[in-house]
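A short write-up of the structure that comes next.
Okay, structure coming up:
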């Protein structure tokens with residue numbers, strides 16, 4: 504009997520790490536992709552034969568109606584995220600609410616809704632975190648708080664779902680050559696030099712390794728840092 508291909512849902516697939524991961528997995532996984540929408544996501548889904556999924560991550564209360572009609576889901580990769588740098592004294596509640604909604608609440612709600620499907624497949628949930636999820640520096644308060652909370656979500660989920668055969672991995676990339684990093688460098692008033700950072704394909708390969716690892720292994724936390732030539 505032929506083993507069915509895993510079905511992997513990736514958020515943040517319009518560009519950066521999510522897009523690189525989708526292209527890497529396409530030969531062996533069936534893909535469900537969500538992102539900011541628009542031409543980039545449409546082209547990617549057409550190129551890869553992937554199913555687009557329209558999700559507004561700022562409104563997790565709308566997810567149930569969107570994902571209710573999905574079939575199998577083996578793996579769930581949370582790759583979407585937003586960042587706005589600023590001191591605690593300078594960021595009002597709207598920045599914090601938006602950042603936490605997209606980076607923490609949306610992954611929690613999407614995971615909750617899809618867990619029965621992932622359990623049925625004994626699949627894997629991957630949270631793309633950040634070095635800021637392990638250490639909070641000045642100017643990174645709202646983003647780091649959302650990523651610290653994402654780590655807590657992953658750690659709790661890992662213990663809760665072990666009995667169901669669901670694996671949970673957090674990936675902590677260092678500075679990665681993505682559009683988000685380009686925005687960060689602009690906010691920092693610094694030059695964006697992609698060659699100085701981890702490439703999105705490298706982080707994608709790390710995520711793919713976690714998804715495809717033999718069942719006798721669980722990879723709870725994986726850090727991906729720039730190599731010796733990097734100068735973040």
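Residue numbers (this note's numbering): 504 to 735.
Ideal Cβ placement from N, Cα and C applies to all residues, glycine included.
If you draw a straight line from the Cα of residue 598 to the Cα of residue 587, it comes to about 8 Å. Around the beta carbon of residue 596, a 10 Å sphere encloses fewer than 16 other beta carbons of the protein chains shown; the residue is thus reported as exposed.
Scanning the region 504-576 from its first residue to its last, the whole beta strand (DSSP E) runs of 3-plus residues come out as 510-514 and 533-536. In this structure, residue 629 sits away from residue 553, with a CB-CB distance that is not shorter than 7 Å. Within the DSSP secondary-structure output, residue 630 pairs in a beta bridge with 581 and 673. Contact holds between the region 667-677 and the region 712-726, because three or more Cβ pairs, one in each stretch, are under 8 Å apart. Boundaries of the alpha helix (DSSP H) harbouring residue 617: 609-624, taken from the DSSP string.
Counting along the chain, residue 603 sits inside the alpha helix (DSSP H) bounded by residues 596-603. By the 16-neighbour rule on beta-carbons within 10 angstroms, residue 550 is exposed.
Pairwise C-beta distances place the region 607-624 in contact with the region 641-661, as three or more of them are shorter than 8 Å. Cβ contact annotation for residue 529 (same chain, cutoff 6 Å, sequence separation greater than five): 551, in chain order. Shown here for residue 650: same chain residues with a beta carbon closer than 6 Å to its own, the five before and five after excluded, namely 632, 633, 635 and 636 in chain order. For residue 725, the three-state secondary structure derived from DSSP is strand. From the listed residues 684, 623 and 666, the smallest Cα separation to residue 696 is found for 684. A straight line joining the alpha-carbon of residue 648 with that of residue 625 spans about 30 Å.
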